[in-house]
Each structure stands twice: as C-alpha cells, then as structure tokens.
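Participant: Mind having a look at this structure? Questions to follow.
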Amino acid sequence: MKSDLSVKLLIDNINISLLMLDSEGRIIQSNATAEKLFKKTRIQLLNKTMHDLLKDFEIRDIKEWFLKNNNKPLKRNALIISRTDETGVSMEIAPIIHGKQYNGAIVTCINISGKMDLIKQLSSTQEEFKKRTNQIAEERDRFHMMIESISDGVLLLNNKYNIILFNSSMRKLIGVSAKRLTNTPLKKYLKEVYYSELFRKMKYFQSETIEIMNQEGDKSKKIVSAYMAPLIIQRGEELEFLLTIRDITREKQLDEMKSQFVSNVSHELRTPLSSIKGFTATLLARKGLSGEQKKRFLTIIDHESDRLTRLIEDLLSLSRIETSSFKLQFSEFDLKKLFEELKHEFEHLLKEKKLGILINFGKLLPKMNADRDKIFQLLVNLLNNAVKFTNSNTDIEIKSLFRKADNCFVITIKDKGPGISRKNLEKIFEKFFRIEDSIHTIPGTGLGLSIVQGIVEKHNGRIMVKSQPGRGARFIVEIPQGMIPYNE
Amino acid sequence: MKVLVIDDDPNITEMVKVNLELDGITVISASNGKDGVELAKSQNPDLILMDWMLPKMSGIDAVKLLRGDPSVMNIPIFMLTARSQVNDIDMAFQAGADNYITKPFNPVKLAELLQNKLNKINR
Ligand SMILES: Nc1ncnc2c1ncn2[C@@H]1O[C@H](COP(=O)(O)OP(=O)(O)OP(=O)(O)O)[C@@H](O)[C@H]1O
Ligand SMILES: [Mg+2]
Numbered sequence: 001m002k003s004d005l006s007v008k009l010l011i012d013n014i015n016i017s018l019l020m021l022d023s024e025g026r027i028i029q030s031n032a033t034a035e036k037l038f039k040k041t042r043i044q045l046l047n048k049t050m051h052d053l054l055k056d057f058e059i060r061d062i063k064e065w066f067l068k069n070n071n072k073p074l075k076r077n078a079l080i081i082s083r084t085d086e087t088g089v090s091m092e093i094a095p096i097i098h099g100k101q102y103n104g105a106i107v108t109c110i111n112i113s114g115k116m117d118l119i120k121q122l123s124s125t126q127e128e129f130k131k132r133t134n135q136i137a138e139e140r141d142r143f144h145m146m147i148e149s150i151s152d153g154v155l156l157l158n159n160k161y162n163i164i165l166f167n168s169s170m171r172k173l174i175g176v177s178a179k180r181l182t183n184t185p186l187k188k189y190l191k192e193v194y195y196s197e198l199f200r201k202m203k204y205f206q207s208e209t210i211e212i213m214n215q216e217g218d219k220s221k222k223i224v225s226a227y228m229a230p231l232i233i234q235r236g237e238e239l240e241f242l243l244t245i246r247d248i249t250r251e252k253q254l255d256e257m258k259s260q261f262v263s264n265v266s267h268e269l270r271t272p273l274s275s276i277k278g279f280t281a282t283l284l285a286r287k288g289l290s291g292e293q294k295k296r297f298l299t300i301i302d303h304e305s306d307r308l309t310r311l312i313e314d315l316l317s318l319s320r321i322e323t324s325s326f327k328l329q330f331s332e333f334d335l336k337k338l339f340e341e342l343k344h345e346f347e348h349l350l351k352e353k354k355l356g357i358l359i360n361f362g363k364l365l366p367k368m369n370a371d372r373d374k375i376f377q378l379l380v381n382l383l384n385n386a387v388k389f390t391n392s393n394t395d396i397e398i399k400s401l402f403r404k405a406d407n408c409f410v411i412t413i414k415d416k417g418p419g420i421s422r423k424n425l426e427k428i429f430e431k432f433f434r435i436e437d438s439i440h441t442i443p444g445t446g447l448g449l450s451i452v453q454g455i456v457e458k459h460n461g462r463i464m465v466k467s468q469p470g471r472g473a474r475f476i477v478e479i480p481q482g483m484i485p486y487n488e
Numbered sequence: 489m490k491v492l493v494i495d496d497d498p499n500i501t502e503m504v505k506v507n508l509e510l511d512g513i514t515v516i517s518a519s520n521g522k523d524g525v526e527l528a529k530s531q532n533p534d535l536i537l538m539d540w541m542l543p544k545m546s547g548i549d550a551v552k553l554l555r556g557d558p559s560v561m562n563i564p565i566f567m568l569t570a571r572s573q574v575n576d577i578d579m580a581f582q583a584g585a586d587n588y589i590t591k592p593f594n595p596v597k598l599a600e601l602l603q604n605k606l607n608k609i610n611r
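Note that the protein sequences, when read in sequence, are chains V and B.
Following my numbering, the numbering of the first sequence begins with 1 at its first residue and continues without gaps.
Following my numbering, the numbering of the second sequence begins with 489 at its first residue and continues without gaps.
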C-alpha cells in the first residue's frame with residue numbers, strides 16, 4: 001500500500017506527462033503533469049481519445065495519425081507538436097502488445113516550450129537541408145540531361161572496366177539495349193587490339209581511332225575516334241575511366257572516296273599521256289619508220305591530246321558543280337529555242353551516223369526558269385551518249401513537257417542503242433565508270449553522267465534511267481520550275 | 489625471242505609492238521586477262537608485259553594464276569600499268585611480278601630493257 005502510494009507520488013511528480021490508453025484508444029490513466037500540460041482535470045481526461053485531446057494542437061498530422069490508426073497506435077512513434085499558445089510538446093507513443101494482442105498504449109509527453117526556439121532553428125536547418133538536397137537533385141538532373149543530349153558517346157567504367165554509366169548516343173553507337181549494357185565488361189564490345197590501345201594512348205592523353213561493330217539492326221561497322229581519361233573521384237579511391245567516342249564513319253568514308261577519286265584521276269590522266277609520251281618517244285628515236293606510220297602515230301597523239309583536254313575540262317566542270325558554294329545562274333528561257341541550238345550543235349554528228357532526231361513538246365510549255373548553260377550542258381551530255389552508243393539508221397527521241405501537278409519540266413531522251421544491263425545501271429553515274437564492252441571503241445571519260453547528275457541535283461531535280469540490254473535506253477530528267485525572281 | 493603484251497588499250501599494244509619488233513623481238517598480244525593467260529600457256533613466251541586494269545580478269549589475278557601453273561610459272565612478268573601507288577607496287581610483287589613499270593613510259597627504253605633481260609635469260 002505504501003509502495004503504491006509512493007509510485008503514484010513518483011508518477012505525479014515526474015516532469016513527464018504520462019497517459020495510458022486502453023485497447024479502444026481511450027485514456028484510462030494520467031498523471032498530474034499531464035493534467036497541467038493539457039489543462040484538464042483527471043476526470044476530464046478520462047475516456048477521451050488522443051484525437052480529442054489534441055484538437056487545439058497545431059500539428060495536424062498527429063491528429064490524423066491517431067484518427068487513421070483508430071486511436072490505436074500499433075507502432076512506436078515520436079513527434080513534436082505545438083499549441084497555439086506556444087506550448088511545445090515532444091510526444092512519444094509506445095503500444096502495449098502482449099503476444100499478438102493490442103492492449104493499449106502509453107503516451108509520454110515532455111513539455112519543451114522553453115526549447116521551442118531551438119526546435120524552430122532545427123526545423124529551419126531541416127528546411128535548408130531540404131532545399132540543398134533539391135538543388136543537388138536538380139543539378140544532377142541537369143547534368144544527366146546534358147550528358148544525354150551530347151551527340152558523342154559517353155561511357156563510364158569502374159576500376160574493373162565494367163560499364164557503369166553511358167548516354168543514349170553511346171547506346172545507339174554500340175547498338176545494345178540499356179539493360180544489356182549496364183554492368184557488362186567493355187571488352188565485350190571492343191576488339192582486343194583497340195582495347196589495349198585505348199589504355200596505352202590514355203597515358204599520353206591521346207585519342208585513338210577504333211572500330212565498333214553495331215550490335216543490332218544494320219550491324220554496320222562504325223569508325224569512331226575514342227578518348228579515354230582516368231577519373232579520380234576521391235583521394236585514395238580506385239580509378240574510374242571515362243570513355244568518349246565520336247562517330248567519324250562519314251568523315252572516313254569521304255576521305256576514302258576522295259583518295260579513291262584522286263587515284264582514279266591519276267590513272268585516267270596517265271592513260272592518254274602514255275600514248276602521247278610513247279609515240280612521241282618512238283617518233284624521236286626510231287629512224288626506220290615509214291611516212292604512213294609517222295602520220296598514224298601523230299594522229300594518235302593528236303587524238304589523245306584532245307582526250308586529255310576534254311578530261312581536264314570535264315574534271316573542272318564537275319568539281320565546279322560539286323563545290324558547295326557553286327550557285328546556279330537562273331534565268332527565264334525558251335526550252336524550244338534551247339532544243340533548236342542543241343539540234344544545230346549535233347547536226348554534223350547526226351548526219352555522219354545517219355541518225356534521225358525527233359523532238360516533241362507538250363502543249364503549253366511555259367518558259368523555263370533554270371540555269372540555261374547548265375541545262376544545255378546536261379542535254380549535250382545525254383544526247384552525246386545517245387548518239388555515241390547507238391548504231392546508225394535509227395531515231396533518237398527527245399520529249400519535253402511541263403507537269404503542272406508538281407511544277408516540273410520532264411525531259412526524256414530515248415535511243416535505240418545497245419541498252420544497259422541492270423548491274424551497270426547502278427554504276428553509270430559513278431565518276432569514271434564506263435561499260436567495258438565499249439571502253440576502247442567509243443571515246444569518253446566516264447564523267448558525262450556524273451556532270452549530268454550534279455546539274456540535276458543542283459536544280460533539286462531527279463534523273464532516272466529505264467533500259468534493258470538490246471532495247472535502247474531512256475533517260476528521264478525532272479527539273480522543278482525555279483522561283484522567279486531568284487537572283488540575289 | 490617472244491614477248492606477250494596483255495593490255496586493253498590498243499595504242500599501248502601498238503607502240504610496244506612497233507618498238508620491240510624494230511629490235512628483233514616477236515610480239516603477241518591479248519586485250520584481256522583471261523585471253524592473256526590462255527595465250528601464255530599455249531605460246532610459252534619468254535616474257536610477259538601485264539597491264540593491271542583489264543577486262544574479264546585483272547592483271548594481278550592473271551599474275552597469280554600464272555604463278556600457280558608449273559608450265560608457265562617461271563616466265564618473267566613485268567607489270568606495265570598506270571596504277572602507281574606504293575601499295576599497288578607491293579601488291580604486284582607479292583603476287584609474283586618481277587618488275588613494275590608505270591605509265592607513261594618510254595617504249596624505246598622499254599625495248600632496250602627487255603633486250604638486256606632476254607639476253608641474260610637466254611645465255
Ligand atoms: N545511252 C546510252 N546507251 C548505252 N550505254 C550508255 C548510255 N549512256 C551512258 N552509257 C554507259 O554509261 C557509261 C558512262 O556514261 P558517261 O556519259 O558518264 O561517260 P562516257 O560517255 O563514257 O564519257 P564522257 O561522257 O565523259 O565523254 C558510258 O561509258 C556507257 O557505257
Ligand atoms: Mg557520256
């Protein structure tokens with residue numbers, strides 16, 4: 001009895017408010033400190049729920065928390081709440097559970113009114129912390145976005161050379177899904193030589209040209225310039241490696257095309273030069289040549305000099321058309337007149353080969369707005385081929401009409417010559433390409449159609465060929481009507 | 489003495505023929521790689537002048553073919569071509585060519601060179 005009383009005395013005088021809840025969440029016990037804190041008598045407190053009790057406290061969460069838990073807190077929880085009169089309370093709720101049975105809870109509250117400033121400060125620090133965290137997250141997102149939008153591939157390796165981070169450009173270059181790329185060794189995607197070379201070059205801060213096989217889709221080989229850099233994240237920590245790669249496949253191809261072109265040009269120039277040089281040397285050194293022989297050799301030299309001249313002219317006009325700064329000289333002109341000139345130009349040749357020419361115009365052919373000289377050159381080259389490759393006694397047909405639907409001039413040149421096989425059709429527009437059968441019997445440089453194509457492209461037009469071996473060839477050129485006026 | 493010229497440019501064949509014949513060398517010719525190889529086998533010439541860019545079979549392929557055939561494998565082959573890049577030359581020697589002459593060339597000097605070479609072989 002005496003000890004009961006002393007326990008009660010102790011409980012009442014302790015500086016901590018104590019409340020005991022029954023299994024229904026109602027208050028069944030309280031001490032004097034609690035009565036003071038909540039400004040209610042013991043009787044008033046009895047049978048109240050925590051939700052009722054906390055009505056005039058500011059922090060709503062806890063009230064709701066109690067409500068949500070049906071006033072039966074099943075978990076330990078600690079909260080700080082404050083009343084409008086600036087009373088601050090630190091509250092701890094501890095459930096009483098025997099076995100699996102919920103038997104109520106003990107709520108302990110400590111009045112921390114005197115320490116509210118400190119708490120406020122704490123919460124403002126917390127606020128600041130939150131802001132900083134957000135800032136960092138934002139920065140991280142921005143950094144991520146930056147890496148993602150770089151057109152070069154970026155990839156991070158850990159110290160075991162496994163891929164731990166990469167951007168979408170890298171993913172596309174390698175051609176592997178993000179899932180399959182993560183955590184795999186880089187070795188899997190690179191040939192051994194490139195792999196060791198990368199690390200070797202890294203020591204000298206140099207980049208290396210390597211090849212990557214795209215793993216999906218087109219399986220194309222990519223040529224990339226790769227740069228590897230070691231990253232020291234923190235002193236003493238192990239290294240990570242940053243690999244950046246740039247797709248230079250296109251540049252490499254252009255390079256190759258260029259050097260192929262130069263070597264072709266050199267070959268083509270040497271061919272007529274060989275005849276000129278060879279026959280000249282023969283004429284100079286050999287005494288016993290007949291007059292007829294001498295004349296023949298001189299004729300060959302003469303021909304080959306012409307060929308050389310034409311080759312150089314063709315090369316120049318091709319290179320002029322192909323430079324990006326080349327501008328067409330637009331003017332308005334009558335296509336019919338142009339064809340008259342064309343016919344006149346070929347008159348002699350046509351007569352020589354006994355070829356007829358039929359020119360046909362669509363009704364209401366408007367004036368053409370394009371580069372007159374270039375269109376003329378285009379027609380000369382096409383007609384030249386038609387005449388050159390065709391045997392005598394046939395007609396060459398030229399048709400021209402204006403297609404209103406897309407504002408296009410359509411010019412067709414049709415011959416009854418040997419035609420072109422499907423295999424060769426793909427190649428005739430390539431520079432220097434000539435079909436073997438006629439290479440030595442019919443003169444030419446193999447640049448005519450490349451020039452035609454260049455002119456068509458500059459006009460934003462199209463060129464098509466329809467042909468079968470033995471059934472002649474039909475070249476169809478579409479040139480869109482230029483804007484008037486065009487000259488800047 | 490007999491030299492086989494394999495070239496698709498009739499001008500080259502003619503100038504070589506004129507000059508070699510003036511120096512007493514017999515010249516036979518073919519205008520593509522395939523015919524060239526056949527002619528080499530049937531005529532067994534003392535030396536072959538081989539162009540590179542040939543219809544039907546390239547000069548390099550023809551050299552390889554000739555080098556693989558015991559009946560003609562010892563005939564000296566001189567490349568005579570407008571291709572003049574360093575790796576072209578390497579390629580030709582690797583295929584088994586004995587000499588490499590780039591176009592344009594002096595056919596009078598060529599005749600002299602062949603004269604010497606053939607004299608050495610025949611002695
Ligand atoms: N109308 C045609 N009929 C048959 N073959 C043709 C015709 N037009 C072109 N070709 C083939 O396409 C090749 C390329 O033509 P292109 O006009 O570019 O060169 P080319 O006529 O040989 O020389 P160049 O026009 O430069 O003097 C020709 O060599 C020929 O084999
Ligand atoms: Mg042509």
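Positions of the beta carbon are idealized from the N, C-alpha and C atoms, including for glycine.
This structure is a prediction, so every number in the text was calculated from the model and none was measured.
Which term fits residue 253/V, buried or exposed, when burial requires 16 or more other beta carbons within 10 angstroms of its beta carbon?
Facilitator: Per the 10 Å Cβ criterion, exposed.
Participant: Under a three-way DSSP split, which group does residue 125/V fall into?
Facilitator: Residue 125/V falls in the helix class under three-state DSSP.
Participant: Taking the beta strand (DSSP E) that residue 331/V falls in, what are its first and last residues?
Facilitator: Counting along the chain, the beta strand (DSSP E) containing residue 331/V begins and ends at 330 to 333.
Participant: Could you tell me if residue 525/B is buried or exposed, where buried requires 16 or more neighbouring beta carbons within 10 angstroms of its beta carbon?
Facilitator: Label assigned to residue 525/B: buried.
Participant: Going straight from the alpha carbon of residue 604/B to that of residue 437/V, what length do you get?
Facilitator: Near 37 Å, if we compare the C-alpha coordinates of residue 437/V and residue 604/B.
Participant: In whole angstroms, what is the alpha-carbon distance linking residue 112/V and residue 20/V?
Facilitator: Taking the straight line from one Cα to the other gives about 20 Å.
Participant: From the DSSP secondary-structure annotation, give me the bridge partner or partners of residue 185/V.
Facilitator: According to DSSP, which records beta bridges pairwise, residue 185/V is partnered with 162/V.
Participant: Is the closest heavy atom of ligand 1 to the C-beta of residue 385/V under 7 Å?
Facilitator: At least one heavy atom of ligand 1 is nearer than 7 Å to the Cβ of residue 385/V, so yes.
Participant: Along the chain, where does the beta strand (DSSP E) that runs through residue 566/B open and close?
Facilitator: Looking at the DSSP string, the run of the beta strand (DSSP E) that includes residue 566/B is 565 to 569.
Participant: Relative to the C-alpha of residue 169/V, which candidate in 4/V, 90/V, 224/V has its C-alpha closest?
Facilitator: Nearest C-alpha to residue 169/V: 224/V.
Participant: Give me the residue from 512/B, 582/B, 572/B with the minimum Cα distance to residue 565/B.
Facilitator: The option with the nearest alpha carbon to residue 565/B is 582/B.
Participant: Using 10 angstroms around the beta-carbon of residue 314/V, count the other beta-carbons present and answer buried if the total reaches 16, otherwise exposed.
Facilitator: Its Cβ being crowded by 16 or more others within 10 Å, residue 314/V is buried.
Participant: The beta strand (DSSP E) with residue 518/B in it runs from where to where?
Facilitator: Here the beta strand (DSSP E) through residue 518/B covers 514 to 518.
Participant: Is there contact here, the stretch 350 to 367 of chain V with the stretch 436 to 456 of chain V, by at least three beta-carbon pairs under 8 Å?
Facilitator: Output reads no: the stretch 436 to 456 of chain V does not touch the stretch 350 to 367 of chain V.
Participant: Using only the alpha-carbon positions, how far apart do residue 494/B and residue 577/B sit?
Facilitator: Approximately 18 Å between the Cα atoms of the pair.
Participant: Would you identify the three-state DSSP class for residue 409/V, choosing helix, strand or coil?
Facilitator: Correct three-state label for residue 409/V: strand.
Participant: Can you give me the Cβ contacts of residue 415/V inside the same chain, cut-off strictly under 6 Å, excluding the 5 residues immediately before and after it?
Facilitator: Closer than 6 Å at Cβ, skipping near neighbours: 386, 390, 396, 472, 473.
Participant: Is there at least one non-hydrogen atom of ligand 1 closer than 7 Å to the beta-carbon of residue 272/V?
Facilitator: No, Cβ of residue 272/V sits at least 7 Å from all heavy atoms of ligand 1.
Participant: To the nearest angstrom, how far is the alpha carbon of residue 486/V from that of residue 428/V?
Facilitator: Summary for residue 486/V: the model assigns pLDDT 45, below 50, so the residue's position carries little reliability, and this model does not support an answer.
Participant: Report the rounded CA-to-CA distance for residue 8/V versus residue 53/V, giving the unit in angstroms.
Facilitator: Approximately 23 Å, taken between the alpha carbons.
Participant: Got a sec? Which residues, its chain only, sit under 7 Å from residue 488/V by beta carbon, not counting five neighbours each side?
Facilitator: Because the pLDDT of residue 488/V is 44, which lies under 50, any placement of that residue in the model is unreliable, and the question is left without a value.
Participant: Give every residue of the same chain whose Cβ lies closer than 7 Å to the Cβ of residue 454/V, excluding the five residues on either side of it in the sequence, and list them in chain order.
Facilitator: Contacts found: 318, 321, 322.
Participant: Listing by chain order, which chain B residues have their CB less than 7 Å from the CB of residue 273/V?
Facilitator: Within chain B, the residues near residue 273/V are 592.
Participant: Taking residue 202/V as part of the beta strand (DSSP E), name the residues at either end of that continuous run.
Facilitator: No beta strand (DSSP E) contains residue 202/V, which is instead part of the alpha helix (DSSP H) from 192 to 202.
Participant: In chain B, what lies closer than 9 Å to residue 266/V by C-beta?
Facilitator: Per Cβ cutoff of 9 Å: 570, 571, 572, 573.
Participant: With 16 as the cutoff for other CB atoms within 10 Å, does residue 608/B come out buried or exposed?
Facilitator: It counts as exposed.
Participant: Does any heavy atom of ligand 2 sit closer than 7 Å to the C-beta of residue 454/V?
Facilitator: Not under cutoff, so the answer is no.
Participant: Among the candidates 220/V, 447/V, 264/V, whose CA atom is the shortest distance from the CA of residue 492/V?
Facilitator: There is no way to answer for residue 492/V, as the model of chain V reaches only from 1 to 488.
Participant: Of the residues 598/B, 501/B, 562/B, which one's Cα is nearest the Cα of residue 533/B?
Facilitator: When each option's Cα is compared against that of residue 533/B, the closest is 562/B.
Participant: Please tell me whether residue 510/B has its Cβ less than 8 Å away from any Cβ of chain V.
Facilitator: At least one chain V Cβ lies under 8 Å of residue 510/B.
Participant: I'd like to confirm the pairing. Which residues does DSSP put opposite residue 98/V in its beta bridges?
Facilitator: Its beta-bridge partners are 101/V.
Participant: Just reading off the alpha helix (DSSP H) that residue 521/B is part of, what are its end residues?
Facilitator: 521 to 531 is the extent of the alpha helix (DSSP H) around residue 521/B.
Participant: Excluding five sequence neighbours on each side, which residues of the same chain lie with their C-beta closer than 6 Å to the C-beta of residue 13/V?
Facilitator: Taken in chain order, the list of residues that qualify is empty.
Participant: Helix, strand or coil for residue 585/B, going by three-state DSSP, please let me know.
Facilitator: DSSP places residue 585/B in coil when its eight states are reduced to three.
Participant: Just the Cα atoms here: how many angstroms apart are residue 25/V and residue 81/V?
Facilitator: Approximately 19 Å between the Cα atoms of the pair.
Participant: So, does the CB of residue 543/B fall closer than 8 Å to a CB anywhere in chain V?
Facilitator: Interface residue, yes.
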